[in-house]
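Have a look at the structure below, then the notes.
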Amino acid sequence: MQLTTLRIAADRPIRWAHEVTMKKYRIRTRIALLAATLTLMTVLVLSVVDLMGIGPNLGLPVGYYGRFNRVLAQIHASPDVEVVRTTLHRDLELEDFYITVRHDDREVRLRFEEAHTRPFGELVQELKRVGL
């Protein structure tokens, strides 16, 4: 009779340890799923905000600031040109933007007006016309 009682007592801690391990596994799984969901939601919200122009400029070549970022990348590709300041006319679309650069010890103000309606190639042609 004592043997049976000891065996049952010995089985319980083993089963209990297994239950604790499973609970820890379930909690870790839920935390990992929550973290993945929050990360995905953050990326989606930032992308939508960037497309709408509400949030900060993330430097993406598409979206609200897309043309501006691509023109700025063209300017930064020139090693002897330094961007002094930028001015943006924010509206429903980024209509106009102005970039002041320092080139050969002189400041040049580049004006990209109605940039939201013009093809990107035309904006690049303006850079080439100035010599950038």
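Numbers given in this note's numbering equal positions in the sequence shown, counted from 1, plus 1.
In this text, a Cβ means the ideal position worked out from N, Cα and C, and glycines have one as well.
Values in this document were obtained by computation on a predicted structure and should not be read as measured data.
Beta-carbon to beta-carbon, E83 and R103 are separated by about 4 Å, close enough to satisfy the 8 Å threshold. Taking all protein chains in view, the Cβ of V131 is surrounded by fewer than 16 other Cβ atoms within 10 Å, so the residue is classified as exposed. Here the alpha carbon of L73 sits roughly 20 Å from the alpha carbon of S48.
In summary, D51 is buried, with 16 or more beta-carbon neighbours lying within 10 Å of its beta-carbon over all protein chains present. Secondary-structure assignment with DSSP links L111 through a beta bridge to I100. Annotated as proximal: R91 and G54, with beta-carbon spacing under 8 Å.
Cβ contact annotation for E114 (same chain, cutoff 8 Å, sequence separation greater than five): E96, D97, in chain order. Within the same chain, I100 come within 6 Å of T87 by CB-CB distance, once the 5 residues on both sides are set aside. Secondary structure of L41 (DSSP, three-state): helix.
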